[in-house]
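Colleague: Take a look at the following structure, please.
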Amino acid sequence: MLALFKKTLPWRTVLCLSAAAMLWGASQAAAAEAARRVNPPAVQSGSSSAASIVDPAAARKELYEQMSAATGIPWFRFAAIDQYERTIAKKKSTADALASSRITAISIPGPVWSGPLNPDQADTSPDSISFFGGMGVDGSGDGLADSSNDADQLYSMARHLLKYGNSANDFSIGVWEYYHNGRAAQRVAQFAKLYEHFGRLDLSGSAFPLPLGNKYAYRSTWGTGRSWGGARIHEGTDLFAPQGLPVRSTCFGIVETKGWNRYGGWRIGIRDIENRYHYYAHLSGYDKSVTRGDIVTPGQIIGWVGSSGYGSPGTQGKFPPHLHYGIYRDRGTTEWAFDPYPLLKQWENQEYRALRKNKKNK
Numbered sequence: 173m174l175a176l177f178k179k180t181l182p183w184r185t186v187l188c189l190s191a192a193a194m195l196w197g198a199s200q201a202a203a204a205e206a207a208r209r210v211n212p213p214a215v216q217s218g219s220s221s222a223a224s225i226v227d228p229a230a231a232r233k234e235l236y237e238q239m240s241a242a243t244g245i246p247w248f249r250f251a252a253i254d255q256y257e258r259t260i261a262k263k264k265s266t267a268d269a270l271a272s273s274r275i276t277a278i279s280i281p282g283p284v285w286s287g288p289l290n291p292d293q294a295d296t297s298p299d300s301i302s303f304f305g306g307m308g309v310d311g312s313g314d315g316l317a318d319s320s321n322d323a324d325q326l327y328s329m330a331r332h333l334l335k336y337g338n339s340a341n342d343f344s345i346g347v348w349e350y351y352h353n354g355r356a357a358q359r360v361a362q363f364a365k366l367y368e369h370f371g372r373l374d375l376s377g378s379a380f381p382l383p384l385g386n387k388y389a390y391r392s393t394w395g396t397g398r399s400w401g402g403a404r405i406h407e408g409t410d411l412f413a414p415q416g417l418p419v420r421s422t423c424f425g426i427v428e429t430k431g432w433n434r435y436g437g438w439r440i441g442i443r444d445i446e447n448r449y450h451y452y453a454h455l456s457g458y459d460k461s462v463t464r465g466d467i468v469t470p471g472q473i474i475g476w477v478g479s480s481g482y483g484s485p486g487t488q489g490k491f492p493p494h495l496h497y498g499i500y501r502d503r504g505t506t507e508w509a510f511d512p513y514p515l516l517k518q519w520e521n522q523e524y525r526a527l528r529k530n531k532k533n534k
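Numbering (our numbering), first residue to last: 173 to 534.
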């Protein structure tokens, strides 16, 4: 009898695990009923139009719009998640980039796609993936849940999002439930707002932060020591200019922070579509029409040069008037500063060239 018990015990374990998996799958099915009412769209993973072949951004937008028509999720929400994935992705080798046939960057991790207990992490069967609680589904209509297929990836993400509803708040909840990262949900919401407002993917324009001329001076001051506020380095470039000279947005972006900082004084922070945070400090004041959450464009006046900071709110005059400009990149879990001086020179030279070109054309 003991020998028989030992022989049958593994089978009883397997049966218990299988039953548990089936019960878990049934409870998940009830929670996802709304999402399952959407039929898999017949969407191709790539576009065959000539314009899409020439312009990858056009191919991506075409795919977003097709998936939007099939699911009811606005195209700019797909674009926002895709862009966030692009900004936090690690750099790939040239060979990997050439080998990839994907046009979107949304890539659901293997255990999430196939199911954490799925013995076949390369599984493409929608039924077995569903049995193991995986997120992957067929979005192209070929009967496979292929993680290398753009349509399958987008439709799988859509099915996840639709479990929470289709409003802007529901979308943010769905994004948070996917990343379990509040900052990721904030970034995706910001990108969606930018794409919705401008109606296009290309938001790459730039401007020098001060009006061109001979009223300012700057050099590379990255990494120099700071004497006030403890041991720290200078994370930016100082552009010395007269008090009250207009300060301009360098990018298309969203105003993320505005107010007093004891180091930077009256400062404003703007997040662009590349997930870079542009920091403007020591201002004498702000343009009253610019508030947190507003969308700004390159060259738009956001404030004026001053000498605020190094103390409690309102402290002025502890140093000559100047604009401290810093730039930070968010990689999902960390945000780090890098030297803005090369970009400042690039933007300044671009504007000078554009002015000379306009003069010649007149």
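Using N, Cα and C, we set each Cβ at its ideal position, and we do this for glycine too.
1. Apply the 10 Å Cβ neighbour rule to Ser421 and answer buried if 16 or more other Cβ atoms are within range, or exposed otherwise.
2. Less than 6 angstroms between C-beta atoms, sequence neighbours within five positions excluded: which residues of the same chain meet that for Gly504?
3. Is Ala231 helix, strand or coil by DSSP?
4. Please report the straight-line C-alpha distance between Lys529 and Lys365, rounded to a whole angstrom.
5. Evaluate His454 with the Cβ neighbour count: other Cβ atoms within 10 Å of its Cβ, from every protein chain shown; 16 or more gives buried, anything less gives exposed.
6. List in chain order: all unbroken alpha helix (DSSP H) runs of 4+ residues lying wholly within the segment 263-342.
7. Ignoring anything shorter than 3 residues, give me the beta strand (DSSP E) runs that lie fully in the segment 452-505, in order along the chain.
8. Taking the Cβ atom as the reference point for each residue, do Ala277 and Arg258 lie within a distance shorter than 7 angstroms?
9. Out of Ser479, Ile474, Arg448, which one is the CA nearest neighbour of Tyr435?
10. Considering only their Cβ atoms, is the gap separating Gly425 from Val468 smaller than 7 angstroms?
11. What is the DSSP secondary structure of Thr429, counted as helix, strand or coil?
12. Given a cut-off of 7 angstroms, decide if Tyr256 and Arg359 are closer than it, judged by their beta-carbon atoms.
13. If you follow the alpha helix (DSSP H) that Thr259 is part of, which residue opens it and which one closes it?
14. Can you have a look at Asp322 and say buried or exposed, based on whether 16 or more other CB atoms are within 10 angstroms of its CB?
15. Can the beta-carbon of Leu495 be found less than 7 angstroms from the beta-carbon of Leu411?
16. Can you name the start and end residues of the alpha helix (DSSP H) that Phe363 belongs to?
17. For a test of the three-state rule: what should DSSP assign to Trp348, helix, strand or coil?
18. Apart from the five residues just before and just after Phe380, which ones in its own chain have a Cβ nearer than 6 angstroms to its Cβ?
19. Is the number of C-beta pairs between the segment 479-488 and the segment 428-447 that are closer than 8 angstroms three or more?
20. If you draw a straight line from the alpha carbon of Glu407 to that of Pro288, how long is it in whole angstroms?
21. Given Ala252, which residues of its chain have a CB within under 7 angstroms of its CB, disregarding the five upstream and five downstream residues?
22. Could you check how far apart the C-beta atoms of Ala290 and Gly311 are, in whole angstroms? I think they sit under 8 angstroms.
23. For Asn447, tell me which candidate among Ser300, Phe303, Glu428, Arg464 has the shortest Cα-Cα distance.
24. Grab the span of the beta strand (DSSP E) containing Arg434 for me, first residue to last.
25. What first and last residue would you give for the alpha helix (DSSP H) that runs through Trp519?
26. Just the C-alpha distance for Gln293 and Gly377, rounded to the nearest angstrom, thanks.
27. Does the Cβ of Trp508 have 16 or more other Cβ atoms within 10 Å, making it buried, or fewer, making it exposed?
28. Buried or exposed for Gly475, please, with buried defined as at least 16 other CB atoms from any protein chain shown within 10 angstroms of its CB.
29. Within the same chain, show all residues whose beta-carbon is closer than 6 angstroms to that of Asp466, passing over the 5 residues directly before and after it, in chain order.
30. Using three-state DSSP, classify Ser378 as helix, strand or coil.
31. First and last residue of the beta strand (DSSP E) that includes Glu507?
32. Taking the continuous beta strand (DSSP E) assigned at Pro418, which residues delimit it?
33. From the DSSP output, read off the bridge partner residues of Phe424.
34. Under a Cβ-count criterion, where at least 16 other Cβ atoms within 10 Å of its own Cβ denotes burial, should Gly431 be classed as buried or exposed?
35. Rounded to whole angstroms, what is the Cα-Cα separation between Ala198 and Pro298?
36. Could you spell out the range, first to last residue, of the beta strand (DSSP E) harbouring Thr409?
Modeller: Let's see:
1. The residue labelled residue 421 in the question sits at position 249 within the sequence shown. Counting Cβ neighbours within 10 Å, Ser421 comes out buried, since at least 16 surround it.
2. As a working mapping, residue 504 is identified with position 332 in the sequence shown. Ile260, listed in sequence order.
3. Here the question's residue 231 lines up with position 59 in the sequence shown. Helix.
4. Here residue 529 refers to the residue found at position 357 when the sequence shown is read from its first residue. Here residue 365 refers to the residue found at position 193 when the sequence shown is read from its first residue. Near 33 angstroms, if we compare the C-alpha coordinates of Lys365 and Lys529.
5. Residue numbering aside, residue 454 sits at position 282 when the sequence shown is read from its first letter. That one is buried.
6. Whole alpha helix (DSSP H) segments, 4+ residues: 266-271, 282-286, 298-303, 322-334.
7. 473-477, 494-502
8. Residue mapping note: residue 277 aligns to position 105 of the sequence shown, counting from 1. Residue mapping note: residue 258 aligns to position 86 of the sequence shown, counting from 1. It is a contact, given that the beta carbons lie within the stated cut-off.
9. Here residue 435 corresponds to residue number 263 of the sequence shown, with the count starting at 1. Of the candidates Ser479, Ile474, Arg448, the one whose C-alpha sits nearest the C-alpha of Tyr435 is Ser479.
10. Numbered from 1 along the sequence shown, position 296 holds the residue referred to as residue 468. Numbered from 1 along the sequence shown, position 253 holds the residue referred to as residue 425. Yes, they are a contact pair.
11. Here residue 429 corresponds to residue number 257 of the sequence shown, with the count starting at 1. Looking at Thr429 - three-state DSSP - the assignment turns out to be strand.
12. Within the sequence shown, numbered from 1, the residue matching residue 359 stands at position 187. Within the sequence shown, numbered from 1, the residue matching residue 256 stands at position 84. Yes, Cβ-Cβ distance for Arg359 and Tyr256 is below 7 angstroms.
13. What you label residue 259 is simply residue 87 of the sequence shown in a count that begins at 1. Boundaries of the alpha helix (DSSP H) harbouring Thr259: 247-260, taken from the DSSP string.
14. Taking the first residue of the sequence shown as 1, we reach residue 322 at position 150. It counts as buried.
15. Along the sequence shown, read from residue 1 onward, the residue named residue 495 stands at position 323. Along the sequence shown, read from residue 1 onward, the residue named residue 411 stands at position 239. Contact flag set, yes.
16. Taking the sequence shown and counting its residues from 1, one reaches residue 363 at position 191. Its alpha helix (DSSP H) spans residues 354-370.
17. Indexing the sequence shown from 1 puts residue 348 at position 176. In the structure shown, Trp348 sits in a helix (DSSP, three-state: H, G or I).
18. Numbered from 1 along the sequence shown, position 208 holds the residue referred to as residue 380. Around Phe380: Trp519, Glu520, Glu523.
19. yes
20. On the sequence shown, residue 407 is found 235 positions in, with the first residue counted as 1. On the sequence shown, residue 288 is found 116 positions in, with the first residue counted as 1. The straight-line gap from Cα to Cα measures roughly 42 angstroms.
21. Locating residue 252 in the sequence shown gives position 80, counting from the first residue. Contacts found: Val360, Phe363, Ala364, Tyr367.
22. On the sequence shown, position 118 is the one that residue 290 refers to. On the sequence shown, position 139 is the one that residue 311 refers to. Residue 290 is actually Asn in this sequence, not Ala. Going by Cβ atoms, the distance from Asn290 to Gly311 rounds to 19 angstroms, so no, they are not a contact pair.
23. Here residue 447 corresponds to residue number 275 of the sequence shown, with the count starting at 1. Considering only alpha carbons, the answer is Glu428.
24. The residue labelled residue 434 in the question sits at position 262 within the sequence shown. First-last for Arg434: undefined, no H or E at that position.
25. Walking along the sequence shown from the start, residue 519 turns up at place 347. Segment 513-533, the alpha helix (DSSP H) holding Trp519.
26. For this step, residue 293 is matched to residue 121 along the sequence shown. For this step, residue 377 is matched to residue 205 along the sequence shown. Near 42 angstroms, if we compare the C-alpha coordinates of Gly377 and Gln293.
27. Taking the first residue of the sequence shown as position 1, residue 508 is located at position 336. So Trp508 counts as exposed.
28. For the purposes of this step, residue 475 is taken as residue 303 along the sequence shown, with counting starting at 1. Looking at its Cβ environment, which holds 16 or more other Cβ atoms inside 10 Å, Gly475 is buried.
29. Mapped onto the sequence shown, residue 466 falls at position 294. Counting only Cβ-Cβ distances below 6 angstroms, and skipping sequence neighbours, we find Val427.
30. Counting from 1 along the sequence shown, the entry for residue 378 is found at position 206. Three-state DSSP puts Ser378 in a strand.
31. Taking the first residue of the sequence shown as position 1, residue 507 is located at position 335. Under the DSSP assignment, Glu507 falls in the beta strand (DSSP E) whose first and last residues are 507-510.
32. For the purposes of this step, residue 418 is taken as the residue at position 246 of the sequence shown. Taken as a continuous stretch (DSSP letters only), the beta strand (DSSP E) holding Pro418 covers 418-420.
33. Stepping through the sequence shown from its first residue, residue 424 is reached at position 252. Paired residue(s): none; Phe424 is not in a bridge.
34. As a working mapping, residue 431 is identified with position 259 in the sequence shown. Burial state of Gly431 is exposed, judged by a 10 Å Cβ sphere holding fewer than 16 other Cβ atoms.
35. Residue mapping note: residue 198 aligns to position 26 of the sequence shown, counting from 1. Residue mapping note: residue 298 aligns to position 126 of the sequence shown, counting from 1. Low local confidence applies: a pLDDT of 40 at Ala198 is under 50, so the model's placement there is unreliable, with the coordinate-based value given in what follows. Approximately 16 angstroms, taken between the alpha carbons.
36. Position 237 of the sequence shown, counting from 1, holds the residue named residue 409. That run of the beta strand (DSSP E) goes 409-412.
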